[in-house]
Amino acid sequence: MRRLLSLILLLVALPASAGLLDNRPNPTLGASLNNSADFLPVREAFRLSLVESTPTSVKLRFTNAEGYYLYRHRFQFRTEPADGGLGQPVLPAGKHKTDEYFGDVEVYYGVTDVDLPVDPARKAPTELRVTYQGCADKGLCYPPETEVIKLAAGAAGSSGSDIGSGTTGKAWSWHELALFFLAGLGLTFTPCVLPMLPILSGVVLRGQAGGSRGLVLSLAYVLPMAACFALLGALMGVFGAELNLQARLQSPWVLVPFAGFFTLFALAMFGLYELRLPRFISGPLDTLASSTRGGSIWSAALLGVLSSLLVSPCVSAPLAGALLYISASGDALGGGLKLFALGLGMGAPLVLFATGGGALLPKAGQWMVAVRNAFGVLLLAVAVWMLERVLPGPLALGLWGLLAGGVALFLGALEFTPKAPRERLAQLGGLILLVYAVAAWSGALKGESDPLRPLGRTHLVGAPSVAPASADWQTIKTPAELTGALAAASSTGQPLLLDWYADWCISCKVIEREVLIAPEVTSQLDGYRLIRFDMTESNAEQRALLDRYKLFGPPAILFFDGKGDELVGLRVVGEVDAKAFAARLQQANASR
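Residues 129 to 720 (my numbering) make up the sequence shown, in order.
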């Protein structure tokens with residue numbers, strides 16, 4: 129099911145990685161050995177060195193310890209003076225990770241080389257400020273770190289050790305190519321692509337389908353069409369990395385317009401209007417296609433190229449999603465292979481038709497409209513998914529409910545007239561979606577934000593009801609506020625729980641949503657003062673506080689007794705599951 133969802137997002141969305149099966153860090157961590165000693169200081173986890181500095185370029189090398197990774201979109205490079213002529217960084221292809229909270233990110237393990245072009249016509253930079261951020265697989269995220277490197281214009285330097293090449297592995301895999309092929313196969317059965325059958329049958333095959341002749345001519349038609357898509361993918365793989373779309377897609381100024389575009393694409397899928405090339409482009413292409421004589425391999429190849437241009441506007445929304453995904457890889461070969469597989473998937477039924485005749489293909493009919501409408505719904509889902517990053521959680525949940533309710537009405541959830549068996553099945557699906565829509569709207573009115581749990585945590589009838597712990601947490605952001613909270617707790621003899629949190633910390637989200645609201649945890653929090661220190665800004669004051677407590681970054685949960693002293697032996701650093709944290713709470717309560 130998870131792979132099916134990945135395929136759906138791949139068809140219509142932003143970077144939805146097919147090999148993106150590295151989810152969040154291992155949730156089984158967090159037992160008694162999970163403490164600060166399990167993690168390295170930031171500059172031991174990520175070692176930055178200057179490899180070479182010339183008037184035209186600067187080469188840097190990051191060497192990560194085993195089990196630690198850096199985020200591609202968190203790199204920043206600035207020179208002193210500011211007009212030092214620094215160009216766009218050239219980064220290798222990274223490894224894709226998909227997280228249920230942050231979506232798709234690209235990360236680097238091992239050794240990574242970064243090339244920074246410098247304009248020799250500009251004033252030579254004397255200092256380079258490098259900002260980076262990374263995490264540990266064990267479940268710890270480090271705050272953004274900035275290092276200053278002194279540059280000597282025209283001089284060459286080295287890291288002092290022979291580290292080797294900075295590669296991070298392939299940017300594509302066979303199962304990614306398989307998913308792109310399946311995506312193209314799905315696009316075939318839409319009103320956009322099946323009209324290519326008359327071109328293939330009437331012009332390329334001249335009405336004579338079947339046999340080896342049909343196989344050769346259909347391959348001559350399909351392969352150039354797929355090659356055109358491959359060229360587009362290769363270009364996006366090369367130039368897309370320079371655009372750094374993955375990082376730019378975190379900005380509301382980019383997310384909102386893109387969500388609007390996907391909404392417009394969805395309306396086109398619903399048949400409100402039709403996407404076409406401008407007439408000054410499509411007219412000559414149609415004329416050339418109609419004047420091309422079929423029956424030969426070269427004419428079939430020419431028609432394949434023309435068909436790829438004529439079909440692309442119709443499948444532009446899924447194609448845009450695939451291109452956005454490819455742009456994050458920065459890999460020309462991988463991008464070309466992925467869209468080549470997409471083109472082969474679109475062309476496979478055409479080859480099947482040309483070889484075995486129309487009897488092997490399903491007949492056109494109303495089901496094609498249903499496929500097109502399904503793509504429209506998925507495009508709307510992508511738009512909502514993008515807006516989740518900039519809208520308040522309850523409002524985003526309400527939009528998910530609105531989408532589910534609209535699909536439910538379209539499926540006839542509230543139509544109680546006599547129906548055929550197939551229509552009854554669709555109505556049943558609509559009723560299920562309508563129930564979800566009502567639950568989402570109810571949850572949104574209560575302040576819930578998780579579309580997978582629209583009503584929040586529920587309990588069995590007769591089980592003791594426990595209020596979510598998140599409602600009792602006090603969020604602070606400064607050391608002064610923390611000092612005041614500790615003083616207030618110790619003055620009343622109240623034990624205190626201190627949760628270190630940041631928006632950019634994946635494991636923090638996991639703990640907040642899956643651990644601190646678990647019944648076995650909330651049932652033991654009576655009497656605690658609950659403090660959440662939000663260090664999303666990661667300013668100097670907050671980082672100094674981390675150093676004071678000998679922490680490298682969030683997540684971390686510290687226990688304080690009624691006198692304001694930390695129970696150091698009970699602190700939890702890194703990701704922890706509900707069972708392990710409940711056991712830690714039992715130890716803390718036993719010592720009270």
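All C-beta atoms, glycine included, are put in the ideal place defined by N, C-alpha and C. Every value quoted in this text rests on a predicted model; they were computed, and no experiment measured them.
Checklist entry - Applying the criterion that 16 or more other CB atoms from any shown protein chain within 10 Å of the CB defines a buried residue, is H303 buried or exposed? => result exposed
Checklist entry - Excluding the five sequence neighbours on either side, which residues of its own chain have a C-beta within less than 6 Å of the C-beta of A193, listed in chain order? => result L168 and A173
Checklist entry - DSSP on W426, reduced to helix/strand/coil? => result helix
Checklist entry - Is DSSP giving C721 helix, strand or coil here? => result Since the first residue of the chain shown is 129 and the last is 720, residue 721 is not available in this structure.
Next on the checklist: What would DSSP say about C636, mapped onto helix, strand or coil?
Outcome noted: helix
Item to check | V246, enclosing alpha helix (DSSP H) - first and last residue | outcome: Taken as a continuous stretch (DSSP letters only), V246 belongs to no alpha helix (DSSP H), as it is neither H nor E.
Next on the checklist: Considering only the alpha carbon of each residue, which of A264, V696 and A469 lies closest to L315?
Outcome noted: Selected option, being the one with the closest Cα: A469.
Checklist entry - Out of V696, I685 and L644, which has the shortest C-alpha to C-alpha gap to K707? => result L644
Next on the checklist: Please classify A159 as buried or exposed, where buried requires at least 16 other C-beta atoms within 10 Å of its C-beta.
Outcome noted: Residue confidence for A159 is low, a pLDDT of 38 falling below 50, so the modelled location carries little weight; the figure read from the coordinates is stated next. By the neighbour-count rule (16 or more Cβ atoms within 10 Å), A159 is not buried but exposed.
Next on the checklist: Quick check on R200: buried or exposed, where buried means 16 or more other Cβ atoms within 10 Å of its Cβ?
Outcome noted: When all chains shown are included, R200 counts as buried.
Next on the checklist: Just to confirm my understanding: we take V276, look at its own chain, exclude 5 residues before and 5 after, and list those with CB closer than 7 Å. What are they?
Outcome noted: Result list for V276: E255 and R257, in chain order.
Checklist entry - Do G526 and V562 come within 8 Å of each other at the CB atom, strictly closer than that value? => result The sequence given here places Leu at residue 562; Val does not occur at that position. Contact: no.
Next on the checklist: For a test of the three-state rule: what should DSSP assign to K574, helix, strand or coil?
Outcome noted: coil
Checklist entry - Skipping 5 residues on each side, what residues in its chain have a beta carbon closer than 8 Å to that of D689? => result P623, L695, S719 and R720
Checklist entry - Do you know offhand how far L359's Cα is from I685's? => result 51 Å
Item to check | Nearest-angstrom Cα separation, counted from A387 out to N667 | outcome: So the alpha carbons of these two residues sit roughly 32 Å apart.
Checklist entry - Pick from F190, L219, A710 and T620: whose alpha carbon is nearest that of I639? => result A710
Item to check | Beta carbon of V433 nearer than 8 Å to that of P352 | outcome: yes
Checklist entry - To the nearest whole angstrom, what separates the beta carbons of D627 and R657, a pair I think is in contact under 8 Å? => result In fact, because the Cβ distance is near 12 Å, the residues do not count as touching under 8 Å.
Checklist entry - Excluding the five sequence neighbours on either side, which residues of its own chain have a C-beta within less than 6 Å of the C-beta of R699, listed in chain order? => result L686
Item to check | N717 in three-state terms, based on DSSP | outcome: Correct three-state label for N717: helix.
Next on the checklist: Using a Cβ-Cβ cutoff of less than 6 Å, which residues in the same chain neighbour L542 once the five nearest sequence positions on both sides are dropped?
Outcome noted: none
Checklist entry - Going along the chain, which residues of its own chain have a beta-carbon closer than 6 Å to the beta-carbon of M397, five neighbours each way excluded? => result Same-chain partners within the cutoff: R500, F503 and G504.
Checklist entry - Could you check where the alpha helix (DSSP H) with G612 kicks off and where it finishes? => result P607 to S619
Item to check | Supposed close pair L653, G473 - CB separation, criterion 8 Å | outcome: Actually they are not in contact, since the Cβ atoms of L653 and G473 sit about 52 Å apart, beyond 8 Å.
Item to check | Inter-residue spacing [alpha-carbon to alpha-carbon] between G529 and L537 | outcome: 12 Å
Next on the checklist: Determine whether the beta carbon atoms of G342 and A482 lie at a separation below 8 Å.
Outcome noted: yes
Checklist entry - What span of residues does the alpha helix (DSSP H) with V382 cover, start to end? => result P380 to M397
Item to check | Cα-Cα separation, Q204 to G702 | outcome: 26 Å
Next on the checklist: Between the alpha carbons of L531 and K278, how many angstroms are there, rounded?
Outcome noted: 54 Å
Next on the checklist: One question on the structure: do G361 and G463 come within less than 8 Å of each other, judged by their Cβ atoms?
Outcome noted: yes
Item to check | A712 versus V704: straight-line alpha-carbon distance, rounded | outcome: The sequence shown places Arg at residue 712, rather than the Ala named in the question. Roughly 10 Å between the two C-alpha positions.
Item to check | Between the CA atoms of A646 and G621 - distance to the nearest angstrom | outcome: Rounded to whole angstroms, G621 to A646 spans 26 Å at the Cα level.
Checklist entry - Would the beta-carbon of D631 fall within 8 Å of that of T606? => result no
Checklist entry - With A524 and V512 assumed to form a contact (beta carbons below 8 Å), what rounded beta-carbon distance in angstroms separates them? => result Contact flag correct, Cβ pair sits at about 7 Å.
Checklist entry - L430: which of P253, S618, L465 and V350 sits nearest, CA to CA? => result Of P253, S618, L465 and V350, the smallest CA-CA separation from L430 is found for V350.
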